[in-house]
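A.B. asks: If you're matching positions, the sequence shown starts at 1 in the UniProt record's numbering and goes up one per residue. Ideal Cβ placement from N, Cα and C applies to all residues, glycine included. If you're wondering where the values come from, they're calculated on a predicted model, not measured in any experiment.
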Amino acid sequence: MSRQYEKLVKCYEYYQSVADFRPRVGLILGSGLGNYARNMKVEYEIPYGDIPGFPVSTVEGHDGRFLLGYIGDVPAVVMKGRVHYYEGYSMEDVVLPTRLMKMMGIETLFLTNASGGINRKFQAGDFMLITDQISNFVPSPLIGKNVSELGTRFPDMTHIYDEEWMELVRTVAKEENIPIQEGVYLQTTGPNFESPAEIRMFGVMGADAVGMSTACEAIAARHEGVRVCGISCVSNMASGITEEELSHLDVQAVADKRGKEFERLVTRIIERM
C-alpha cells in the first residue's frame, strides 16, 4: 500500500468510527456559501482537525469541517472550507478531501468557487457554469506513482464537467430565473492576484474566469470516476479588466452579497441530481 493511499485509508477509518452515513453527492463550498448548512438537514459535523493527518483550512472565511446530511432527499457531504495549494500543502493533500469523499460514497462532486472575470461580457456578481478548465499553471494532483486503487495512470479529461449535469444547471437556472454565464475556468497557484499581463495571456488562451482552486479537485475526482459539476461566482473582474485594485475583502463582499441566490441555485440543482 502506498503512503498516499495509506493516509487516505486512515482518514476513512476515522470517518467510519464517527459517522454512519453514505453520501451520494459531495459539495465543496466556495466564498459566499459559508452559511450553506441552513439549506440542509445536518446529521453529522466533523471538524477537519479531528481527522488524523487531514489538512486544515487556514484562509479567513473558510471554516474547516465536513457537514453530512440531506439536501432535500439527497444524502450529501459538504465541505465547509476547502484547502488551497497556496496554503503550503502538497497537491496530494489539497485533493485528499476529494478522494476521501469518494471513499465515503459520492458519485458526483459539485464544485463552487469565487473567481475573477476575464471575459469582458461578464460583470462582478455573475454566476458562471464551468464548461471546461485550464490547469497547466498548477501541478497535476496525479503526479507521482499512480495509486491503482484510485484510478488509471492516464485518465481521460475530454469531459471533465459532466454534460448531463451542465444541462441540469441550465434548466434549473432558467426555472429559478437566475441568469448564468458559461465559460472556461483557469486555476493559478495564488495567493497573489494575477497581473494585467497574465490576465491578457489567460484570455488569449481561452479562459473566461480565473481562481485559485477547483481544477485540481476536478482532475482528482475524474481520476476516480466521479461525475463533476461546477459553478463559479464571478466576485470581481480580474486585474486590468477594470481600473480597480483587488482585495480579498472585496471578493468576499461580492460573494456574500450573492450568497443566498447562489445557495438557492445550488440547492435546487442538487435536489434534482
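Taking the continuous beta strand (DSSP E) assigned at Gln133, which residues delimit it?
C.D. replies: 127-134
A.B. asks: DSSP on Gln123, reduced to helix/strand/coil?
C.D. replies: coil
A.B. asks: Check each candidate in Gly72, Ile71, Asp73, Asp50 and name the one with the smallest Cα separation from Arg65.
C.D. replies: Put simply, of Gly72, Ile71, Asp73, Asp50 the residue whose alpha carbon is nearest the alpha carbon of Arg65 is Asp50.
A.B. asks: DSSP has Lys41 in a bridge; who is on the other side?
C.D. replies: Tyr70
A.B. asks: Where does Ser140 fall in DSSP's three states?
C.D. replies: Three-state result, Ser140: coil.
A.B. asks: Label Leu249 either buried or exposed according to how many other C-beta atoms from any shown protein chain fall within 10 Å of its C-beta, with 16 as the threshold for buried.
C.D. replies: exposed
A.B. asks: Measuring CB to CB, does Val95 end up less than 8 Å from Ala197?
C.D. replies: no
A.B. asks: Please determine, among Arg200, Pro191, Met201, Val228, the residue with the shortest C-alpha to C-alpha distance to Gly211.
C.D. replies: Pro191
A.B. asks: Quick one: using the 10 Å Cβ neighbour count with 16 as the cut-off for buried, is Glu107 buried or exposed?
C.D. replies: exposed
A.B. asks: Nearest to Arg79 by alpha carbon, out of Gly72, Asp73, Leu68?
C.D. replies: First, the residue type needs correcting, since residue 79 is Met and not Arg in the sequence shown. Comparing Cα-Cα distances from Met79 to each of Gly72, Asp73, Leu68, the minimum goes to Leu68.
A.B. asks: Could you work out which residue in Ala173, Lys174, Phe202 is closest to Leu186 when comparing CA atoms only?
C.D. replies: The alpha carbon of Leu186 has as its nearest neighbour, out of Ala173, Lys174, Phe202, the alpha carbon of Phe202.
A.B. asks: Within a Cβ cutoff of 7 Å, which residues of the same chain sit near Met205, ignoring the five residues on either side of it in sequence?
C.D. replies: Non-local beta-carbon contacts of Met205 in its own chain, meaning distances under 7 Å to residues more than five positions away in sequence, involve Ile134 in chain order.
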